[in-house]
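K.L.:
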Amino acid sequence: MNLLKRIRRGHTSDTIFAFVALLFGLSIVVIMGGIIFQLWLQSSVARSEFGWSFLWSAAYRPGENEYGALTFIYGTLVTAFLAILLAGPVGVGIAAYLVEIAPDRVNRILGFVVELLAAIPSIVYGLWGFFVLAPFLRDYVVPVIQASPLGWLPIFGGTFFGPTVFTASIVLAVMILPTVAAVSRDVIRAVPQDQREGMLALGATRWEMFRQAVLPYAGSGVLGAIILGLGRAAGETMAVTFIIGNSPRLFDSLFDQGATLASIIAGQFPEAGGILLSVLIELGLVLFIITILINISARLIVSLISRSPRGGIRA
Amino acid sequence: MDSDNITREKELARGRSDEQEPRRLRTAQGSTANRASETRTEPAVTVENLDMYYGSFKALQDVNMLIGRNRVTALIGPSGCGKSTFIRSINRMHEIVPKARVEGKVLLDGEDVYASDVDPVRVRRKVGMVFQKPNPFPTMSIYDNVVAGIKLGGNHKKSELDEVVERTLRQAALWDEVKDKLKQGGTSLSGGQQQRLCIARTLAIEPEVILMDEPASALDPVSTQKIEDAMEDLKKKYTVVIVTHNMQQAARISDYTGFFFIENMGDPGRLWEFDETSKMFSNPNRKETEDYVTGRFG
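This is the structure in structure tokens:
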């Protein structure tokens, strides 16, 4: 009981402080454990009914009592990755501009706007996606993509109506953009100035300096920012529920409708009862585990990168 | 070297240290009528009437200096009197600080580095810089650190790069210590080795002038010694300007010494006196110089 011993030592006020701080710290663990326990408990009906095959069954027919999570896992992963594919480069680009190029005043204003973007409620993004973005994509973007040399690809096939996987991914990209940009900005700003000077003094242009010195140095942090964005995209609910169509299917085309774990829970929950309720809670458990896995892999990647003998493989 | 050249060199080196002399300086062109025959003594860098500002704050005033080719020029003076600022103005490194600006001329081979058509990137390839704190690139191997600058200029053959790595690491007196671990990270080295790696990295781009901003101030005496030894060789091929707070170091390694000084708080820094190192340390013209080099203040 090293911990208790350490707490007992010293002044009374320190003891109280240490105890209270410990309590708060433990509360996180308790809350976390409580959530997992409840999800586990309340999904027991569904789990005993469908077993492990729940995870890879694509069927979802409430009328016939057939339930599977695959279509939702698929929808969650596809939208999240597509969103990060769009938001990643843009977010890092914004961060690079803010740190390396923007003059002080622009920096402050743009930084504020980026943070404002994070403060917009999820449902507002949903409304915007439904009423503004979807018609815009339908009229101007999708025809261009389908007429382009890449238009024959199955992922761009079919008729675009409005609420689609594509629309949802773009809205998600906008929603996670502030996360990616703000975290990347902080890690890029943390790159020591002497790294920049070192590269510039070798006759590098600003772009070369950023590419060769700043980005590699900030690499693991930027990757962390991207994975953090991925996690947020996977868990985002309201906006996606609004614009993805909430249709459980293994879509081929991004212009088709789909559903994510979060969107189906939000969409079905109000009318759910009996086994469906238990199924939805199990879907929640799956989502919880997926986001945990994303975060763990983020930490693993970051620690692997920073531990490996840096640059040892090259040249 | 014949005696005529030596006299000439002294003249060049002295610049305008004399108070009474009007604040004017022979330009590179004016002072060397027959430049072709005197390439050895033609100044590598000529600084004329240089003022430097950070926003509205004037950091340097009216600096004039002729920096001799293939010579080591040491810059000494109390902290905050503009030595680092000054050398940064030679390769335009000050430009990364917002609102920093320069008035006056810095001629590199007779060409003003501040002329509107001159690209700072080109200037920095001719004027390399070693910083106070060793700053190897941590994501690159030792090998890649050395060739980082060359690779900016385009692709090179592996054999060519190998040759450059060995040559520059030898020049920086680091080769024997790292030749078996070139693939390891640059930050796996000790501080002194890192600094020599940074010197090798600078040599690899084959600059004409190497600026060193207190390169040994963060290092132990043994590492300092190694760097000083390396500099002895360097000046055969390069023009070296070194900022140092270490009087003995300035006296040991330099041919010329410039003393920067601020008379009153808030004033801009000035080049108080500039002369051959032996003169500066034995019999300087100005009292402040003498006080400083003998350790009476600063």
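Residue numbers (the numbering used here), protein chains in the order written: chain A, 157 to 471; chain B, 11 to 308. Beta carbons: idealized from backbone N, C-alpha and C, even for Gly.
(1) How big is the Cα-Cα spacing for V246(A) and A337(A)?
(2) From the beta carbon of R341(A), is the nearest beta carbon of chain B less than 8 Å away?
(3) Would you call the stretch 111-118 of chain B and the stretch 53-62 of chain B in contact, with 3 or more CB pairs under 8 Å?
(4) In terms of DSSP beta bridges, what is L76(B) paired with?
(5) Touching or not, the stretch 378-387 of chain A and the stretch 196-205 of chain A, by the rule of three or more beta carbon pairs under 8 Å?
(6) Does the Cβ-Cβ distance between T83(B) and Y266(B) come in under 8 Å?
(7) For the structure I just gave you, are there three or more beta carbon pairs, one from the stretch 349-368 of chain A and one from the stretch 146-158 of chain B, closer than 8 Å?
(8) Give the DSSP bridge partners of M139(B), in chain order.
(9) With a floor of 4 residues, list each alpha helix (DSSP H) that falls wholly inside the stretch 199-241 of chain A, ordered by position along the chain.
(10) Kindly give me the distance between the Cβ atoms of A415(A) and I400(A), rounded to whole angstroms, as I take these residues to be in contact under 8 Å.
(11) Note down, in chain order, each residue of its chain lying with its Cβ closer than 6 Å to the Cβ of R50(B), except the 5 sequence neighbours on either side.
(12) Three-state secondary structure (DSSP) at F322(A)?
(13) Hey, does R345(A) have any beta-carbon neighbour from chain B nearer than 8 Å?
(14) Under 8 Å, Cβ to Cβ, is there at least one residue of chain A near N165(B)?
(15) When the distance is taken between beta carbons, is A360(A) closer than 8 Å to L199(B)?
(16) Using a beta-carbon distance cut-off of less than 7 Å, what residues from the stretch 128-147 of chain B approach chain A?
(17) Counting only the same chain and skipping the five closest in sequence on each side, list residues whose C-beta sits under 7 Å from that of R81(B).
(18) For D295(A), would you say it is in contact with chain B, using Cβ-to-Cβ distances shorter than 8 Å as the test?
(19) My output table needs one value for G87(B): the three-state DSSP class, helix, strand or coil.
(20) So which of L242(A), L433(A), L358(A) has the shortest CA-CA distance to F331(A)?
(21) Is the CB-CB distance between F292(A) and F411(A) below 8 Å?
(22) Can you give me the Cβ contacts of T234(B) inside the same chain, cut-off strictly under 6 Å, excluding the 5 residues immediately before and after it?
(23) Would you say G159(B) lies against chain A (beta-carbon separation less than 8 Å)?
(24) If the criterion is Cβ atoms closer than 8 Å, does the pair K143(B) and D350(A) meet it?
(25) For A110(B), list the residues DSSP reports as bridge partners.
(26) Does any residue of chain A have a CB that is nearer than 8 Å to the CB of G40(B)?
(27) Rounded to whole angstroms, how far is the Cβ of S453(A) from the Cβ of S199(A), which I believe are closer than 8 Å?
(28) At a Cβ threshold of 8 Å, is A236(A) touching chain B?
(29) If you draw a straight line from the alpha carbon of I187(A) to that of E220(A), how long is it in whole angstroms?
(30) Taking Y302(B) as the reference, which of R262(B), P278(B), Q258(B) has the closest Cα?
(31) Starting from the C-beta of G25(B), find all residues in its chain whose C-beta is less than 7 Å away, skip the five residues before and the five after it, and write them out in chain order.
(32) What does T361(A) touch in chain B if you count any residue whose Cβ is under 7 Å from its own?
(33) R102(B) and R134(B) - do their beta-carbons sit closer together than 8 Å?
(34) Could you tell me how far apart the beta carbons of V343(A) and G377(A) are, in whole angstroms, since I believe they sit closer than 8 Å?
(35) With H, G and I counted as helix, E and B as strand and the rest as coil, what does DSSP make of L229(B)?
P.N.:
Short version:
(1) 8 Å
(2) no
(3) yes
(4) T56(B)
(5) no
(6) yes
(7) yes
(8) L221(B)
(9) 200-206
(10) 6 Å
(11) Residue placement at R50(B) is poorly supported in this model, since its pLDDT is 47, which falls under 50; the coordinates still yield a value, given next. For R50(B), where only same-chain residues beyond five positions count, there are no Cβ hits under 6 Å.
(12) helix
(13) no
(14) no
(15) no
(16) V131, R134, R135, G138, M139, F141, K143, N145, F147
(17) K245, T249, D265, Y266
(18) no
(19) coil
(20) The displayed chain sequence assigns Met, not Phe, to residue 331(A). With distances taken between Cα atoms, M331(A) lies closest to L242(A).
(21) no
(22) A226
(23) yes
(24) yes
(25) Y64(B)
(26) With a pLDDT of 37 at G40(B), under the threshold of 50, the modelled position of that residue is not reliable, and no figure is offered here.
(27) Not really, about 24 Å apart at Cβ, beyond 8 Å.
(28) no
(29) 36 Å
(30) Q258(B)
(31) Per-residue confidence for G25(B) stands at a pLDDT of 44, beneath the threshold of 50, marking its modelled position as unreliable; the derived number appears in the next sentence. Excluding sequence neighbours, G25(B) sits near L35, N74, M75, L76, F284.
(32) V131
(33) yes
(34) 3 Å
(35) coil
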